[in-house]
Amino acid sequence: MRSLPNWAVTGLSILLVLSAWVAVTRLGLVRDLFLPGPRDLWLGLQELLDEGYKGRTLPEHLGMSLLRVGTGFLTGALAGTALGLAMGVSRKLDAMAAPFIEFLRPLPQLAYLVLLIVWLGIGEGSKISMLFLAALPVAAVAARDGVRNIPPERLRMAAALGASPRQVFWHVVAPSALPEILTGARLALGIVYATLIAAEIIAGSSGIGWMILDAGRFLRSDYAFVGILVIGLTGIAIDRLLLWLERRIVHWAGR
Amino acid sequence: MTALPLTRRSALAAAAAATGALALPRLSRAAPAKVNVGFFTEAKPTMIAKGQGWFAEGVGAPITWTEYGSGAEINTAMVGGSCDIGLATGSVATAAGIAQGLPFQVIGLVDNIGPAEEMTVRTAANIRSPADFKGKKVATPFGSTSHFRLLGFLKTNGLSQRDVTVLDMKPAAIQAAWAKGEIDAAYVWAPAKSKIIEAGGTPFRTWDALDKAGYAIADTIIVHNDFAKAQPASVVGFLKAYGKALGMWRSSPEEAAKLVAQQAGVSPETAMAEMKAYEFVDLPAQTGEAWLGTPGKPGKFAEVLKGTADFLVEQRSLRSAPPVGTFGSALNTHFLQQAVA
Amino acid sequence: MTRPGFVRFDEVSVRYGEGAGAVLALERADLAFAQGDFVCIVGPSGCGKTTMLQTLAGFLRPTGGTVSLDGRPVEGPAPERGVVFQQPTLFPWMTVAANAGFGPRMRGENRAQARERVEYWLRTTGLWEFRDRYPYELSGGMQQRLAIARALCNEPKVLLMDEPFGALDALTREHMQEELHAVWRRTGMTVVFITHSVEEAVYLGTEVVVMSPRPGRILERIPLPFAREAADQDIRRVKSGAGFIAARERVLSLIWGMQHDA
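Put into structure tokens, the structure is as follows:
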């Protein structure tokens with residue numbers, strides 16, 4: 058018997074879960090409050106598209122969330138990468154910055170929610186800062202490890218070929234660390250995405266994360282599920298995009 | 461722990477004596493092994509009954525106390541079966557839960573919230589009339605009784621959510637944002653309310669007008685249907701424990717405030733001031749027409765809940781609300797009657 | 035200072051660590067040779083041959099003595115001393131041509147000139163048609179040829195090779211020996227070559243330097259004729275000649291002797 062290709066297995070598994078969902082909701086085994094059926098979901102989506110949710114349409118909520126994710130992720134990943142590269146090159150700087158990075162990395166973002174509000178207020182600044190702070194340590198650690206894992210012979214070789222320390226950094230160190238930097242970026246994006254709801258708790262009234270949270274409060278699970286699907290699917294789409302970019306840019310990595 | 465059997469037995473005896481002959485056959489059931497109660501830390505007489513162990517005595521079993529962030533969370537816990545009794549949960553969450561057919565019933569009230577939750581405006585923002593709210597930022601914890609009141613305030617004054625920016629913030633976040641001067645007003649309860657008043661705020665009276673306009677809010681005691689069926693004596697005992705604490709607040713408020721202060725982690729003066737803002741409804745009064753009513757003849761509170769649910773539907777927080785009868789039958793006053801008998 | 039020698043090691047010592055745990059990796063190594071020489075260094079592990087090469091490359095500062103090239107002391111890595119390691123150590127994100135042109139590019143050399151030289155060396159090493167490929171698309175032997183071409187594009191005064199063919203299979207290895215030999219004859223380049231293979235050393239070297247371990251020091255220098263004689267001869271033929279075998283056995287017996295002493 059020939060085994061199925063992997064994409065078919067993926068398709069079948071999705072199909073299986075979907076049909077279980079349809080069956081369970083159709084047969085009324087679970088109340089729509091806990092698990093809305095396909096029809097509820099479809100109606101909920103229509104309502105969200107036509108009338109929006111609490112003053113904003115679904116695309117507006119999504120747009121605001123993506124803008125926050127994009128800004129927080131890009132600034133956090135860039136700053137983290139720059140810091141990580143510097144930490145990888147200079148042991149002294151690493152010794153200086155590492156305790157803060159290591160403290161920040163596992164810290165639940167909700168822990169500093171109130172502080173961010175006190176320091177930066179309730180506007181976009183504190184929301185984006187929270188996402189920035191979520192992305193930064195991940196990107197920094199990835200870049201630092203990327204630099205540390207460069208074979209020392211490669212650096213010696215560059216110097217022997219006549220590259221100045223500055224040239225070694227830009228022409229050898231940075232590109233050598235690129236695969237790990239990009240892997241770190243994908244990791245950071247995942248964490249930023251996971252932090253979105255925490256960020257949108259700050260004086261919310263917009264964003265998919267806030268919508269899910271608010272709809273969940275009174276078990277408005279049709280809206281919550283639509284929100285979860287939207288956030289999940291866009292997350293996968295962005296991750297795929299990054300993966301595609303990664304494969305194009307660092308096609309040489311690991312070979 | 462060795463004293464446990466004794467207290468349990470004495471509690472049962474007390475409950476038996478209190479509930480009288482009518483309830484006696486039910487008492488033949490075994491007492492629960494333990495009872496899960498969801499609560500909020502706040503300055504109310506309920507804290508006396510909690511701190512003195514009266515609730516545990518009343519239900520005849522040890523109590524696992526779980527603090528929740530909101531009434532909506534207690535609703536969710538009820539669904540999951542991890543909460544038997546919800547103590548002083550807001551009427552908005554209660555109305556939503558009944559509308560959604562969640563498996564709980566209202567067995568009593570703790571308080572009529574009245575002025576205890578109120579709008580506070582930044583003194584410097586110069587807000588004198590409802591019209592002055594235009595273009596201002598007002599914060600409130602969404603899904604709460606305060607949120608409900610705030611939306612009622614906007615609606616009754618012809619203000620839309622475009623005129624006023626309504627922000628969803630937890631009480632702690634409200635204090636932080638207030639300190640930063642980022643919000644112009646907040647609708648919230650103590651202690652955040654008193655903190656922001658201290659930090660340059662002025663109360664803006666809305667509660668009495670809103671109560672009359674159908675935006676009354678209260679805190680209820682809800683019990684899981686399964687628990688109510690299996691442990692009626694415990695439910696009655698729980699209500700009686702609250703009645704006892706309320707009696708103490710009436711007869712010796714200083715002593716009551718001291719005990720509440722210990723539990724809530726505030727000064728006795730603060731506890732006193734905060735408790736004075738609530739209208740705690742005595743158990744016999746709760747069976748009156750103005751509140752829960754009697755079995756088969758639900759009081760006005762059913763209409764309050766119905767009105768609340770209808771408003772939530774309007775806000776699209778709920779998909780639909782059942783007729784007022786459903787809310788009436790969710791008020792189970794059998795236990796109250798036994799508790800005051 | 036006036037002693038002759040294009041490459042000179044004057045009483046060079048290298049000590050790793052401090053105090054009682056210190057290891058003398060190289061003890062007072064004295065060696066000088068002329069431009070155009072192909073010097074092969076052999077010896078058992080720990081004899082200090084790589085240490086010696088690293089002091090000449092400028093990767094390692096001797097703790098005593100001086101190393102000099104063309105009359106100037108070595109003070110760090112520099113393009114005048116090309117290096118080839120056992121691993122090709124290519125830049126994986128660069129094409130073959132970009133790898134070869136790395137040195138001239140870093141030194142800001144005239145572009146046209148650099149391109150011409152890159153083409154020359156890629157053609158010489160048989161890599162020109164692969165110039166737009168990436169290192170991972172090349173075989174192990176091609177990667178090592180590229181590493182050599184990259185070093186040569188810098189026009190170094192001396193080429194330092196640390197077991198460059200050590201990771202290749204036997205057949206590829208012989209081909210590479212032939213090609214390197216051909217390049218050396220064509221350019222008259224000075225080469226310092228470290229190897230574990232005595233046969234390789236005897237075939238390629240104008241001189242074999244035998245070193246002994248603990249502490250690392252130079253045991254014997256053996257001048258050899260085969261590199262210069264082998265001009266147009268087939269490699270197997272050279273290696274199977276009676277003179278070649280005798281020389282190979284002599285070097286081998288030196289190394290064997292050390293191991294029996296130990």
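Residue numbers (the numbering used here), protein chains in the order written: chain E, 58 to 312; chain S, 461 to 801; chain A, 35 to 296.
Cβ atoms here follow ideal geometry from the backbone N, Cα and C, with glycine treated the same way.
Treat the numbers as computed from the prediction; the structure is a model and nothing was measured.
In the DSSP assignment, A:Leu-58 falls within the beta strand (DSSP E) that extends over 57-67.
Less than 8 angstroms divides the Cβ of S:Asp-679 from the Cβ of S:Leu-569. Contact between E:Asp-97 and E:Asp-279 holds: their C-beta atoms lie close to 5 angstroms from each other, under 8 angstroms. In the DSSP assignment, A:Phe-119 falls outside any beta strand (DSSP E) and carries neither an H nor an E.
Less than 8 angstroms separates the beta-carbon of A:Leu-87 from that of A:Asp-196. Its chain contains Leu-150, Asp-151, Ala-154, Arg-201 as the residues whose beta carbon lies nearer than 6 angstroms to that of E:Met-144, once the 5 sequence neighbours on both sides are disregarded; these appear in chain order. In this structure S:Lys-653 is buried. Its beta-carbon is surrounded by 16 or more other beta-carbon atoms within 10 angstroms. Counting only the Cα atoms, A:Arg-207 lies some 6 angstroms from A:Phe-199. For A:Trp-127, the nearest beta carbon of chain E is closer than 8 angstroms to its own beta carbon. DSSP places S:Lys-689 inside the alpha helix (DSSP H), whose first and last residues are 685-690. With at least 16 other beta carbons inside 10 angstroms of its own, A:Lys-83 counts as buried.
The C-beta distance from S:Ala-636 to E:Val-171 rounds to 5 angstroms, short enough to meet the 8 angstroms contact threshold. A distance below 8 angstroms between beta-carbons, with the five flanking residues on each side excluded, links S:Val-552 to the following residues of its chain, in chain order: Gly-531, Gly-603, Ser-604, Thr-605, His-607, Phe-608, Ile-677, Thr-768, Leu-772. Listed in chain order, the alpha helix (DSSP H) elements of length 4 or more contained wholly in the stretch 78-136 of chain E are 95-107. Among the residues facing chain A, E:Leu-142 is not included, as its CB has no counterpart in that chain under 8 angstroms away. Rounded to the nearest whole angstrom, the CA to CA distance from S:Arg-779 to S:Ile-634 is 29 angstroms. A contact is defined here as three or more CB-CB pairs under 8 angstroms, and the stretch 240-258 of chain E fails this definition with respect to the stretch 492-512 of chain S.
The three-state reading of DSSP puts S:Gly-561 in coil, since its state is none of H, G, I, E or B. In this structure A:Ala-183 is in contact with A:Leu-161, their Cβ atoms being roughly 6 angstroms apart against a cut-off of 8 angstroms. In this structure, DSSP gives S:Pro-755 a state outside helix and strand, which the three-state scheme calls coil. With 16 or more other CB atoms across the displayed protein chains lying within 10 angstroms of its CB, E:Arg-277 is buried. Listed in chain order, the alpha helix (DSSP H) runs fully inside the stretch 710-775 of chain S are 713-724, 728-737, 743-746, 761-774, counting runs of at least 4 residues. Only Arg-184, Ala-185, Asn-188 from the stretch 179-211 of chain A bring a Cβ to less than 8 angstroms from some Cβ of chain E. Chain-order list of chain E residues neighbouring A:Ala-91: Ala-217, by C-beta distance under 7 angstroms. Of all residues in the stretch 592-617 of chain S, the ones placed with a Cβ closer than 7 angstroms to any Cβ belonging to chain E are Ala-599, Phe-602, Gly-603, in chain order. From the listed residues A:Arg-262, A:Ala-66, A:Gln-211, A:Val-192, the smallest Cα separation to A:Asp-44 is found for A:Ala-66. In this structure the stretch 229-239 of chain E lies against the stretch 189-208 of chain E, because at least three pairs of beta carbons, one per stretch, are closer than 8 angstroms. Annotated three-state conformation of A:Glu-114 is coil, per DSSP.
The beta carbons of S:Gln-691 and S:Pro-492 sit about 5 angstroms from each other, so the pair counts as a contact at 8 angstroms.
CA-to-CA, the gap between E:Arg-211 and E:Ser-186 works out to about 37 angstroms. Among the bridge pairs identified by DSSP, A:Pro-257 is matched with A:Glu-241.
Any Cβ of chain E closer than 8 angstroms to the Cβ of S:Leu-796 would place that residue at the interface, and such an atom is absent. Interface with chain S (8 angstroms Cβ-Cβ cutoff): E:Ala-260 is included. Contact annotation: S:Ile-587 and S:Asp-644 have beta-carbon atoms nearer than 8 angstroms. Scanning chain E for C-beta atoms nearer than 8 angstroms to the C-beta of S:Asp-628 yields Ile-258, Ala-260, Gly-261, Ser-262, Trp-267, Asp-271, reported in chain order. Residue range 523-527 is occupied by the beta strand (DSSP E) that includes S:Thr-526, with no alpha helix (DSSP H) assigned at that position.
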